[in-house]
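In what follows, a structure is listed as structure tokens, so that the remarks can point back to it.
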Amino acid sequence: MGFFSKLFGLDKKKKTVEVEPVEYEGYLIYPEPIAEGGQFRIAGRICKQIDGEVKTHTFVRSDLLSSRQDAETFMLNKAKMFIDQNGDTMFGN
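No gaps in the numbering here: position 14 of the sequence shown is 19 in our numbering, and each next residue is one more.
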């Protein structure tokens with residue numbers, strides 16, 4: 006049954022990776038690439054504490070890169086640009 010669980014994504018033993026956030030202009034950026042078919046999808050979170058509440062914007066792009074490091078670097082660059090362009094409005098304010 007273990008083979009089928011892994012095949013269909015039912016394996017409960019998922020690896021959780023601790024991500025160190027990168028601080029930028031008062032925001033915390035968490036690069037969290039998603040492994041897909043031997044490549045990594047650019048993804049992560051942008052967080053900021055506003056009025057005592059932590060607001061989070063999930064950031065997922067369609068781009069796939071061959072290495073986790075490249076996906077993390079690309080995510081950080083895109084997140085910084087997104088913050089510069091949108092600021093707190095990304096949280097629906």
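Glycine residues also receive a C-beta, built at the ideal position from the N, C-alpha and C atoms.
Distance between residue j and residue i (C-alpha atoms, nearest Å)
{"i": "residue 82", "j": "residue 47", "result": "11 Å"}
{"i": "residue 34", "j": "residue 43", "result": "24 Å"}
{"i": "residue 65", "j": "residue 49", "result": "6 Å"}
{"i": "residue 95", "j": "residue 63", "result": "10 Å"}
{"i": "residue 74", "j": "residue 23", "result": "15 Å"}
{"i": "residue 30", "j": "residue 72", "result": "27 Å"}
{"i": "residue 55", "j": "residue 88", "result": "15 Å"}
Integer Cβ distance of residue i from residue j, believed to fall under 8 Å
{"i": "residue 38", "j": "residue 76", "result": "4 Å"}
{"i": "residue 41", "j": "residue 70", "result": "Incorrect: roughly 10 Å between the Cβ atoms, too far for contact."}
Nearest to residue i (by Cα), restricted to the options the options
{"i": "residue 67", "options": "45, 31, 25, 97", "result": "45"}
{"i": "residue 97", "options": "36, 53, 78", "result": "53"}
Buried versus exposed call for residue i [16 or more other C-beta atoms within 10 Å across all chains shown]
{"i": "residue 80", "result": "buried"}
DSSP-derived helix/strand/coil call for residue i
{"i": "residue 89", "result": "helix"}
{"i": "residue 56", "result": "coil"}
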